[in-house]
Structures are given as C-alpha cells and as structure tokens.
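With the working numbering applied, the sequence shown covers 47 to 136. In this text, a Cβ means the ideal position worked out from N, Cα and C, and glycines have one as well. From a predicted model like this one, the values you see are computed outputs, not experimental measurements. What follows is a set of notes on a single structure, which appears directly below.
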Amino acid sequence: MDRLSEEEADVIAARLVRRVQAKTALAKDKAEGLQRALADAYRQRLTNKISREQELSRFQDIGREYLAKDQVAILKEAIEAGVLPLPNEQ
Numbered sequence: 047m048d049r050l051s052e053e054e055a056d057v058i059a060a061r062l063v064r065r066v067q068a069k070t071a072l073a074k075d076k077a078e079g080l081q082r083a084l085a086d087a088y089r090q091r092l093t094n095k096i097s098r099e100q101e102l103s104r105f106q107d108i109g110r111e112y113l114a115k116d117q118v119a120i121l122k123e124a125i126e127a128g129v130l131p132l133p134n135e136q
C-alpha cells in the first residue's frame with residue numbers, strides 16, 4: 047500500500063468520527079480508539095476486495111467495541127453517507 051492510501055485512510059476515519067461526534071458525545075479516548083480502528087480497517091480494505099455489506103458489518107463490529115448501541119447506529123449513518131466530504135465538511 048502506498049503512503050497516500052495510508053493517509054487517505056486516516057482522513058476518512060477522522061471524518062467518520064467527526065460525523066459521530068456531531069450527533070453524540072464521545073469521550074476523547076473512545077474517539078481516538080475508534081478513529082485508529084477505522085483507519086486500520088480502511089487500510090485493509092484498500093488492499094483486500096470486500097463487498098459493501100462486509101465492509102459495513104466490519105465497521106459496525108468496530109463501532110460496538112467503542113460505542114454504545116445508539117451510537118453504533120450513528121456510525122452506520124456516517125458510513126452510509128460515504129467517504130467523501132459532505133457539503134458542510136472539510
């Protein structure tokens with residue numbers, strides 16, 4: 047994997063965590079752990095071919111490690127919105 051892909055995985059993970067934080071309170075340690083885990087998952091996604099359903103399931107599993115049940119639903123919404131910035135995002 048090239049360096050650009052690794053950086054993009056970090057950017058995407060940070061974006062998803064910010065989307066979750068915009069809708070629910072998230073402790074700093076939980077946010078940091080979630081961001082690291084999502085970035086790692088995106089790095090692996092870039093090197094392995096997996097279906098969208100497999101991807102969503104994996105990310106929800108990661109969410110369950112760091113988030114309360116209602117927050118996992120918020121993470122799912124964030125993921126379903128896509129990896130590109132939304133109009134109100136950087």
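Cβ-Cβ distance between residue i and residue j below 7 Å
i	j	result
residue 105	residue 125	yes
residue 84	residue 59	yes
residue 63	residue 77	yes
residue 55	residue 89	yes
Cβ-heavy atom distance, residue i to the ligand GTP, below 6 Å
i	result
residue 53	You won't find the ligand GTP in this model; it holds no ligand whatsoever.
Nearest to residue i (by Cα), restricted to the options the options
i	options	result
residue 87	108, 134, 127 and 122	108
residue 69	122, 130 and 131	122
residue 114	53, 66 and 51	66
residue 80	100, 118, 132 and 130	118
residue 128	73, 101 and 53	101
residue 112	89, 96, 72 and 136	72
residue 141	61, 54, 90 and 53	This structure does not reach residue 141, given that the chain is present from 47 up to 136, and the question cannot be answered.
residue 53	95, 82 and 132	82
Where residue i sits in the DSSP three-state scheme
i	result
residue 97	coil
residue 124	helix
residue 83	helix
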